[in-house]
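These notes concern the structure reproduced below.
Residue numbers (our numbering): 84 to 233.
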């Protein structure tokens with residue numbers, strides 16, 4: 084390869100790394116952050132469910148404030164926590180028993196953890212591609228130095 088071809092190839096590799104691989108890595112990291120936030124929220128919901136339904140802590144139910152819209156709150160007294168309404172998405176609510184709610188949350192957490200693992204693998208794969216490209220650039224630069232010395 085001539086010196087000009089090597090320089091052009093190095094520039095193409097660097098552009099590919101910066102414009103494609105690093106952008107892919109940013110997108111995967113953003114999606115992973117969103118998934119991790121969702122997992123954290125589900126774990127918090129599960130903990131809240133355990134606290135709310137614990138008869139030792141709340142033997143006669145509990146009192147709370149409910150947001151009825153536009154940050155207007157209404158006092159609420161909950162005596163029976165055996166059945167709960169869960170927002171399952173798209174403003175649809177399902178009534179669950181406490182056991183069903185726990186099972187639902189566990190399934191959701193496992194699904195999101197699986198998706199997070201897939202994204203971590205994709206991130207590692209992209210980082211591997213970047214390293215491979217950098218090794219290729221180093222080899223080309225070594226070839227270029229060999230041409231210059233000759």
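All residues carry an ideal CB built from backbone N, CA and C; glycine is no exception.
Being a predicted model, the structure only gives us computed values, none of them experimental.
Check                                                                                                                                                      : Outcome
Name the residue from 218, 110 and 129 whose alpha carbon lies nearest to the alpha carbon of residue 189.                                                 : 129
Pick helix, strand or coil for residue 151, following the three-state DSSP scheme.                                                                         : coil
Taking buried to mean at least 16 other C-beta atoms within 10 Å of its own C-beta, is residue 173 buried or exposed?                                      : exposed
Report yes or no: do three or more beta-carbon pairs, one from the region 191–202 and one from the region 111–131, lie closer than 8 Å?                    : yes
Under a Cβ-count criterion, where at least 16 other Cβ atoms within 10 Å of its own Cβ denotes burial, should residue 218 be classed as buried or exposed? : exposed
What's the gap between the Cα of residue 226 and the Cα of residue 117?                                                                                    : 43 Å
Would you list the one or two residues that DSSP bridges to residue 111?                                                                                   : The partner list for residue 111 (beta bridge, DSSP) is empty, contrary to what the question assumes.
List in chain order: all unbroken beta strand (DSSP E) runs of 3+ residues lying wholly within the region 151–209.                                         : 156–161, 166–172 and 175–180
Out of curiosity, what's the CA-to-CA distance linking residue 159 and residue 192?                                                                        : 29 Å
Going by C-alpha distance, which of 93, 210, 132 and 179 is nearest residue 110?                                                                           : 210
Distance, Cα to Cα, residue 132 vs residue 179?                                                                                                            : 11 Å
Please report the straight-line C-alpha distance between residue 221 and residue 97, rounded to a whole angstrom.                                          : 11 Å
Suppose you measure from the CA of residue 108 to the CA of residue 126; what does that come to, to the nearest Å?                                         : 27 Å
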